Structure formats: structure tokens, C-alpha cells
Amino acid sequence: MSYFSSIFANNKTQTNNESMSQENQNHILPQTLIEKLFPNKLPTPEELNEKYPKRELPPDAMVTRVGPSPTGLMHLGGLYSALISERFAHQTNGVFFLRIEDTDIERSRAETTDVIVKSLNHFHIPTDEGMTISGDEKGKYGPYTQSARKDIYQGLVKSLVEKGKAYPCFCTSEETKSMGEEQVKEGLRPGYYGKWAKWRDASVEEIEKELEKNTPYVIRFRSEGNFENKIKVSDLLKGDLELSENDIDRKILTAATGLPTYHLAHAVDDHYMGTTHVLRGDEWLSSVPLHLQLFEALGFTPPRYGHLAPIQKEDGMNEKGDIIKRKISKRKDPEANAMLYEELGYPPRAVVEYLLNLANSSFEDWRKANPDTDNSEFQLTFEKLSRSNGPLFDMVKLNDVSKEIISRMTAEEIYAVGLEWAKKYDERLALEMEKDSSYAKSILNIEREGESRGRKDISKWADLNSEMGYFFDPIFDEIKDNREETLSFVTKEDCDSAIKSFLETYNENDTKDEWFAKVKTIARDLGYAEGAKQFKLEPTKYKGQVGDIAKIFRVLLTGKTNTPDLHSIMKVMGRERLVQRINSLA
RNA sequence: GGCCCUAUCGUCUAACGGUUAGGACGAAAGCUUCUCAAGCUUUAAAUCAGAGUUCGAUUCUCUGUAGGGUCACCA
Numbered sequence: 062m063s064y065f066s067s068i069f070a071n072n073k074t075q076t077n078n079e080s081m082s083q084e085n086q087n088h089i090l091p092q093t094l095i096e097k098l099f100p101n102k103l104p105t106p107e108e109l110n111e112k113y114p115k116r117e118l119p120p121d122a123m124v125t126r127v128g129p130s131p132t133g134l135m136h137l138g139g140l141y142s143a144l145i146s147e148r149f150a151h152q153t154n155g156v157f158f159l160r161i162e163d164t165d166i167e168r169s170r171a172e173t174t175d176v177i178v179k180s181l182n183h184f185h186i187p188t189d190e191g192m193t194i195s196g197d198e199k200g201k202y203g204p205y206t207q208s209a210r211k212d213i214y215q216g217l218v219k220s221l222v223e224k225g226k227a228y229p230c231f232c233t234s235e236e237t238k239s240m241g242e243e244q245v246k247e248g249l250r251p252g253y254y255g256k257w258a259k260w261r262d263a264s265v266e267e268i269e270k271e272l273e274k275n276t277p278y279v280i281r282f283r284s285e286g287n288f289e290n291k292i293k294v295s296d297l298l299k300g301d302l303e304l305s306e307n308d309i310d311r312k313i314l315t316a317a318t319g320l321p322t323y324h325l326a327h328a329v330d331d332h333y334m335g336t337t338h339v340l341r342g343d344e345w346l347s348s349v350p351l352h353l354q355l356f357e358a359l360g361f362t363p364p365r366y367g368h369l370a371p372i373q374k375e376d377g378m379n380e381k382g383d384i385i386k387r388k389i390s391k392r393k394d395p396e397a398n399a400m401l402y403e404e405l406g407y408p409p410r411a412v413v414e415y416l417l418n419l420a421n422s423s424f425e426d427w428r429k430a431n432p433d434t435d436n437s438e439f440q441l442t443f444e445k446l447s448r449s450n451g452p453l454f455d456m457v458k459l460n461d462v463s464k465e466i467i468s469r470m471t472a473e474e475i476y477a478v479g480l481e482w483a484k485k486y487d488e489r490l491a492l493e494m495e496k497d498s499s500y501a502k503s504i505l506n507i508e509r510e511g512e513s514r515g516r517k518d519i520s521k522w523a524d525l526n527s528e529m530g531y532f533f534d535p536i537f538d539e540i541k542d543n544r545e546e547t548l549s550f551v552t553k554e555d556c557d558s559a560i561k562s563f564l565e566t567y568n569e570n571d572t573k574d575e576w577f578a579k580v581k582t583i584a585r586d587l588g589y590a591e592g593a594k595q596f597k598l599e600p601t602k603y604k605g606q607v608g609d610i611a612k613i614f615r616v617l618l619t620g621k622t623n624t625p626d627l628h629s630i631m632k633v634m635g636r637e638r639l640v641q642r643i644n645s646l647a
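Residues in the first sequence are numbered consecutively from 62, following my numbering.
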């Protein structure tokens, strides 16, 4: 049984539809009244069919889309479903497009559309159709912004009214709201249905009367569903489900703005734009029965649906110690904003690979087996797509993914990308990096070139300052006065004498072994153990161990107690800077 | 409240009805000619509870519990 037929196979539903259709006949409004509701010239469904022909694609190609609202930021969850949709489309030689869903004109800010476009661009999620970075649209199924499709929606809503499948409703929002509260108080299911659907069967006269008074109204869908009936729905991620039919006469159009609600816009757009697979947040799952009704009423074939669990975050615990999860929210959680990761300087690939890992946990194994393959080669599957009720966002894991990626980059690459980031978010560091680019590159090359992979201490470019900043004199100057205190673990005499011997014997051409032998000699001469083991065996015999002597130089040169290999650092700094820093101890 | 979804280490997750319940992140311990970051070697860590079906249940069924979603003139 096909997906579509299974939905409507239920006998009971069938009978209902027939009897309801008759009911619809009785409720078709006179054409003169319909013209009053829709006075403008509108496209008919037939005209639209001609304008937006079926896409010519291989049979198994998927057409997917992402439909964010332009509210000022790109939500991480939106990025997640965009990424998944894009991968499925391109994995099957299909089409992925961007549609701006701005039917809520109160909340939408047109100028923020480019935040969305830039985000998709930043994370390398290529769109085939829709708004581009230059601000133009591409693709033949546009316009791709819903507010520009007003006439299309109105044309179809008009056709629904003409078929008796939609009607005007003059209730105010306050009225519907208090009606809902009353229903809840009475223990009833809230909603505009049954006897609560005041305007469903209103007479022509009543409607005319309100229209004359210029009462604001909306158009509602006349649902023929029965809540007691179940329909079978096959979801790509959640499997086969049984959902109650929708019996609520949902609003599909606001007459005042002329714009539709999500539901109608979804049905209309995804039909005419040829979407085959709708992947969206699972908060839409319970609207599926309505959407299927809408598709049927409009005479469209519905797409396949896949409902993704939202990315969540931990939000405290209950008395029993269960973790309370909640969806990451734009308002409360900075990590919900996809562009935060740009600001912090995570490589876009890191975020993408973290999200791919949430989508298909087998990605991790694939990445291990194919460390150098572009992640677009990874084949996403619906079967593996998480069916959990929403993974918790894990910044620590993201850091690990990111460190791994950066550890495989060359110093040259890190320099280029890191500098670009610093120019935007850390100007002082950028200045230093540019002043002496070869110095900066050799810093970044410490313990990198020639190793199977580089140091794993940078997870994002915001770490760059603490990891390399001290190499640059102006930045070092700000921390150098702390050195004295840090050096208080040795006596002044030992410190001075270590410095003295060091300066006498240091040769920048020494190999690492030669250099370290000299450090050991200094240690021994001052009464420190040459090795940590030795010291551990007879701690009373020594003042300390060779590590303490190395620490003196480390602190003098870098102002820090933890740094990469000292020998490499000295080589990169050069003799002149080294001597200067050692002598600058107050 | 109605309806729907979900339940495996702290987290993300694997396991045709038969595994010693596996991996990754994180944690802990040890190793490493200097401190880190790594790397390597170990360790701790889970099937929500209770019934049922079955020779055998993490897996199937039911009940309970917990969490999530939805029930807008938001998407």
C-alpha cells in the first residue's frame, strides 16, 4: 500500500468524506459574496499549475527545503535541519532550496534575511534556489519569500472557499482565546470545532452584515475530520504512526494582512515548489493530520515527512534526579544562535561535523576511517537518524570535534583562517599576526609539521590569543610583570645562577638533545635532580628536579607555566628576543 | 487535561529475540629525556519500574513513572 493511499484507506474516513462533501455543497457561499472577500484579481490553481510545472528529475531525487523565519538570527536547530535536508537532496542529485517564511509580518524583519543567507553560506550549506548572498533570487519556482506570494495563497484560499472548504470567521483573537480557556475549564479539548465553530455555518446574511461593518476576519479551513478517527501516517524518522484526524477549523488566512498561516503556506509552497521530502522539527508532528487534509482539499499529493527531534539543553533536575531537558531557545540560550560559533571562531566544518554526528552517529566511525575525506561524501540515512526525543547539546564534544579538525590543519591554513577571524574579533592579535607573518606561522607550526597531527589545544580561534599571544612582544609586555611571583618556587640565587649559566651556554643551533643536556647540567650544578624519577626516589637529596629549572626559563620567556615544547619555542623566538625577555625580569 | 512521541553508562549513541551489553566525548589512574596539549595502556560507568509472551527480552505486549511535543488571528 502506498503512503498516500494508506492515509485515506480508512473506510470510515471515506464515508465521512462523502457525507461531508454534501454538507460542503450546502455551505458554498454565493459568488458575489466570495468576490467581496477576494476583490482582487488572483491566479487560479490551473494557472499556477502551468506556471510551476513538475520538476524533471530522476525518480529517486529528493527535493528538500529549509524555511526559516527572518527574526534576526539563525537558530542552531534550523541549521541542523537545513544541513540534513541539503545532504539528502544532494546525495540523490535532487534540489535543495531556501524559502523565507515571513508570513508573520509582525515578527519578521526583512533586513535579517541576509543573516540566514550568510549563515548557510558560512557553514557551506549550498542552496540551489532561493535568496543568494548577493541579495538576488535564483530558481524558477519563486518568489521564494512568502510575503511575496500573497496572491498565490489568496488564489488558492479563494478556490477553497468556492468549493465550500473554507469560510470567513469574524471572531476576535480574545474571543477565541477565552473560548479555549472555557473549554479547558469544562474539561473539553480546546479548539475551534463542533459547536464552538461559531462561523462555520453562518448564514450569508450574517456574513454580509459583518462585512458591511468592516469587522476584521480570518478565513478558516472547514475540517471534515473526526477526532475519533485515526489515520495512519508514515514518518521517515518516527516510523508508522496513528494520529487522530484533525477536526479543528484552523485559520488559514488573515484577511487583514492577506497572508496565510504556516499550514496553508506549507501546503501551497511545497506543492508548487515540488518538494518531495519535508524534514522539519517534530513540533510539527501533531499538525500532520491538518496538513494532509489541506493537501487533499487543494487536490495536491502530499510530500513525505520526516520529523526531527529538536536539539535540547540541560535545564536543571527534578526531585528524582532526572535531568530536565528543554529545547534550546533563541531568547535564553546563546548557543542557539548559529552565528555564535562564527564569533568564537569554530571552523564551520567542526559545527557541521558535530551536527552530522548527532544526525547519524555512524558519522564518527566513518570519519575515523576516512580522516581526509570531505564530509559531503558521507551518506546520511534516515534509518540512522536519531529517533531520540532530542539530543542534549554538548559543547565539550563540539570542542573535541573541532580540536581534531584543527590539529590536522597546516600552520599556513591556520594562519590564513585564524587571521581572517582575528581581523573581525581580535584586532590586536590580527595586527601582530600580520606584522610578522612568517614569525606567526612558525609559532603556529610548533609541534605541527612533521608530526602525524598537530597540537590539539585549539578548539576555536578565540583560543589563539592565549595559545600564541605571548610570543608577540606588546602582548607579552602586559603579562611579564607577573613572572616574579610565579618564579617564587625557587630562590633568587638559584634563579640568577640558572639564568647566568643558561645565557653563557645557550646556542640557538643546538639540537633538542644538546639543549636539554645543557639544562640538565645546570640542574645538576645547582643541586637539582637530572630526572623526575631520580627525584622521586630520593626527594631529600635534591632541591628539586630538572623540570623546575626548565620552568624557570619557561616562565621567563612566556610568562606561563604551561606551554608547548620549550626548545621549539626558543628557536622560534630567536636569540635576541630570548635574551631580552630573560634580562627584562625586574 | 486530551492527543502524540521518547526512555541503554554523566552525555551522544551501537546491539536479526541469544553479545562478557560495544564505541565516542567526558572522568580517573599509569607510561612518556622539561611543563602542557596530545599519544599509548588501563579503570569506573547504563538497559526507568512492574507484570506478561518466550527455552531465552535492551529488543515484543500491557500498566505505571519520567521527560518532550502539541492543542494560537507564531512559525
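Glycine included, every Cβ here is placed at the ideal spot set by N, Cα and C. Just so you know, these numbers come straight off a predicted model, no measurement behind them.
How many angstroms separate the CA atom of Ala-559 from the CA atom of Glu-539?
In a straight line, the C-alpha of Ala-559 is about 25 Å away from that of Glu-539.
First and last residue of the alpha helix (DSSP H) that includes His-332?
Where His-332 is concerned, the enclosing alpha helix (DSSP H) stretches over 323-333.
Skipping 5 residues on each side, what residues in its chain have a beta carbon closer than 8 Å to that of Glu-510?
Thr-471 and Ala-472
Buried or exposed: where does Pro-371 fall if 16 or more other Cβ atoms within 10 Å of its Cβ makes it buried?
buried
Out of Cys-232, Leu-297, Lys-293 and Glu-247, which one is the CA nearest neighbour of Glu-267?
The candidate whose alpha carbon is nearest that of Glu-267 is Cys-232.
Lys-97 versus Glu-269 - alpha carbon distance
9 Å
With distance defined between alpha-carbon atoms, name the residue in Ser-169, Lys-246, Asp-497 and Leu-181 nearest to Ser-208.
It is Ser-169.
Considering only residues of the same chain and omitting the five flanking positions on each side of Arg-514, which have a CB-CB separation below 7 Å?
Exclusion of the five residues before and after Arg-514 leaves Ser-468 and Arg-469 as the residues of its chain whose Cβ lies within less than 7 Å of its Cβ.
Residues in the same chain with beta-carbon distance under 8 Å from Thr-176, minus the five sequence neighbours each way, listed in chain order, please.
At residue 176 the sequence reads Val, which differs from the Thr that was named. Same-chain partners within the cutoff: Pro-131, Gly-133, Leu-134, Met-135 and Met-400.
For Ser-82, which residues from the same chain have a beta carbon less than 7 Å from its beta carbon, with the 5 sequence-adjacent residues on both sides left out?
Caution applies to Ser-82, whose pLDDT of 49 falls short of 50 and renders its modelled position unreliable; the model cannot decide the point.
Using 10 angstroms around the beta-carbon of Gly-196, count the other beta-carbons present and answer buried if the total reaches 16, otherwise exposed.
exposed
Output the distance between the C-alpha atoms of Asp-262 and Lys-226, rounded to the nearest integer angstrom.
12 Å
Work out the CA separation of Tyr-333 and Asn-110 for me, nearest whole Å.
Across the structure, Asn-110 and Tyr-333 are spaced so that their CA atoms are roughly 7 Å apart.
May I ask you to report which of helix, strand or coil DSSP gives Ala-209?
helix
Provide the residue(s) that pair with Phe-157 in DSSP beta bridges, ordered along the chain.
Thr-125
Going along the chain, which residues of its own chain have a beta-carbon closer than 8 Å to the beta-carbon of Glu-414, five neighbours each way excluded?
Phe-424, Arg-428, Asn-436, Val-462 and Ile-466
Could you pull out every residue in the same chain whose Cβ sits closer than 7 Å to the Cβ of Trp-576, ignoring the five residues on either side in sequence?
His-628
Out of Cys-230, Lys-238, Ala-122 and Ser-180, which has the shortest C-alpha to C-alpha gap to Lys-259?
Cys-230
Taking all protein chains shown into account, do 16 or more other C-beta atoms lie within 10 angstroms of the C-beta of Arg-341, making it buried, or fewer, making it exposed?
buried
Roughly how many angstroms separate the alpha carbons of Asp-310 and Arg-148, rounded to a whole number?
36 Å
Let me know the alpha helix (DSSP H) ranges lying completely inside the region 410-489, each 4 residues or longer, listed in chain order.
424-430, 456-468 and 472-486
State the Cα-Cα distance for the pair Leu-548 and Ile-613, rounded to the nearest angstrom.
7 Å
What whole-angstrom Cβ distance do Ile-186 and Leu-144 have, given they're in contact under 8 Å?
6 Å
Apart from the five residues on each side of it in sequence, which residues of its chain come closer than 6 Å, Cβ to Cβ, to Asn-418?
Phe-424 and Glu-425
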